[in-house]
Amino acid sequence: MPVSLRQIRYFVATAEHGQVSQAAGELGISQSAITTAIKELEQIVGVELFTRSTQGMDMTPAGRQFLFHAYEILNKVEEATSLLLPANDFAGRLTVAATYTVIGYFLPNHLGRLRRAWPNLDIRLFELNREAIEDGLLANRYDMAVLLTSNVINPDLTTETLMSSRRRLWVPARHRLLAQGAVSLKEVAEEPYIMLTVDEAAHTALRYWSLSSFRPNVTLRTSSVEAVRSLVADGQGVAILSDMVLRPWSLEGKRIETIVPTEPIPSMDVGLAWRRDAAFTPAMEAFRSYFRQAFFLPPNR
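Going by the numbering used here, the sequence shown opens with residue 370, and the numbers climb by one from there.
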């Protein structure tokens, strides 16, 4: 019996949530449909992918290995079925600045698609912080930027948000706060907190913390998302970070769960920026058009 995409999607949703009920809720299907699909998948591959317990579904070593392949399969299917832009014969160069988070968690897949759509478009990419990007755009060192538009404050730049990534509380598997479903900043402040500093994450966090009467109990500041992931998964602290950088497993194979805070937490917005009075070149138009199509935005204004 061949493996179906339905089985793979149900497997991934269960692996990411660790609960059949939560996976079913996300997919809008019955729990029995997911349970049946996973059992079928385990019969096909010949190994158990999960161990079942009253707390949920824990992945076996074989399940973790299968998850990497499942992600790759779904990414290839998405790539093959979405955004088939016609190749264009124009040749041009585009200098693009991007921040650390964008380069690591957003851009790579899109750059590959851009190069396939416009093979003669020479994209020169530079990693910089927001201040350097803003200065570079105004000084014409870069044509466009891909960055966290929620952080841009310079009125001489035009920004266009492509996606908004929700921020949630990261906790280790079986953390006591998971039983509550929703958690207040007061309760988060009682936990050791791992503060991410890259791309002004700490500054952004303190903005919404300052609206409450509580402060995070910061035990470590780090610019490494992977360090935050490993420390949270190991039970050494919690963190509030965006879904864009969320991966449910640390490098050590330990699981991370998420909880929606009760207070409003601003999203992390990702998008494009350029100098307000910039004259768009064909390369800039192609770059912007690609992202507008990729995120189903209306035609260029």
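Heads up, the beta-carbon is just placed ideally off N, CA and C, and yes, glycines get one too.
Best match in the options for proximity to residue i [C-alpha to C-alpha]
i      : options                           : result
LEU436 : ILE609, ARG485, VAL381 and SER658 : VAL381
PRO541 : ALA608, GLU500, GLY397 and ILE502 : ALA608
ARG624 : GLU496, SER581 and ASP427         : ASP427
TYR474 : GLN391, LEU600 and LEU610         : LEU610
SER506 : LEU463, VAL601 and SER582         : The sequence as given places Leu at residue 506; Ser does not occur at that position. Nearest option by C-alpha distance: LEU463.
ALA596 : SER582, VAL614 and LEU580         : VAL614
GLU632 : SER579, GLU529, VAL587 and TYR562 : SER579
VAL416 : GLU385, LEU374, THR405 and THR429 : THR429
ARG536 : ILE522, PHE649 and ASP612         : ASP612
ASP406 : ALA648, ARG510, MET370 and ASN509 : It should be noted that the sequence gives Ala, not Asp, for residue 406. With distances taken between Cα atoms, ALA406 lies closest to MET370.
PHE656 : LEU476, ASP525 and VAL389         : LEU476
ARG433 : MET653, PRO651, ARG616 and PHE665 : ARG616
GLU652 : ASP491, THR383 and ALA508         : As written in the sequence, residue 652 is Ala, which differs from the Glu given in the question. Cα-wise, what sits closest to ALA652 is ASP491.
TYR562 : GLN605, ASN444, TYR511 and THR383 : GLN605
ALA647 : GLN391, ARG510 and ILE634         : ARG510
Own chain partners of residue i with C-beta closer than 7 Å, once the 5 adjacent residues on each side are dropped
i      : result
LEU516 : ALA467, THR468, VAL471, ARG499, ILE502 and ALA642
LEU410 : VAL372, GLN376, PHE380 and LEU418
ILE442 : ILE377
ALA393 : SER399, GLN400 and ILE403
ARG543 : GLN424
Beta-carbon contacts of residue i that lie in its chain and below 6 Å, excluding the five residues immediately before and after
i      : result
GLU560 : VAL607
ASN520 : ARG499 and GLU569
ASN489 : ALA460
GLU387 : Per the sequence shown, residue 387 should be read as Gly rather than Glu. Closer than 6 Å at Cβ, skipping near neighbours: GLY425 and MET426.
GLU529 : GLY640 and LEU641
Proximity of residue i and residue j at Cβ, strictly below 8 Å
i      : j      : result
ILE628 : LEU497 : no
SER599 : GLU621 : yes
SER581 : LEU554 : yes
LEU538 : VAL557 : yes
ALA486 : TYR659 : yes
ARG584 : ALA571 : no
MET564 : VAL587 : yes
Any C-beta of chain C under 8 Å from that of residue i
i      : result
VAL557 : Although the question refers to chain C, the structure presented lacks it and comprises just one protein chain.
Strand pairing of residue i, partner residues [DSSP]
i      : result
MET564 : ARG590
ASP427 : THR420
SER611 : ARG536
ASP491 : ARG462
GLU496 : ALA467
Proximal residues to residue i (C-beta, below 8 Å), its chain only, five neighbours per side dropped
i      : result
ASP603 : PRO541, SER619, GLU621 and LYS623
ARG493 : ARG462, LEU463, THR464 and VAL465
Closer than 7 Å: residue i CB and nearest the ligand MN heavy atom
i      : result
ALA663 : The ligand MN is not among the ligands present in this structure, which contains no ligands whatsoever.
Query raised in the report: Okay, do the region 515-530 and the region 631-647 touch, 3+ Cβ pairs below 8 Å being the bar?
Result: yes
Requested in this report: Could you tell me whether the region 575-583 touches the region 643-658, where touching means 3 or more Cβ pairs closer than 8 Å?
Outcome: no
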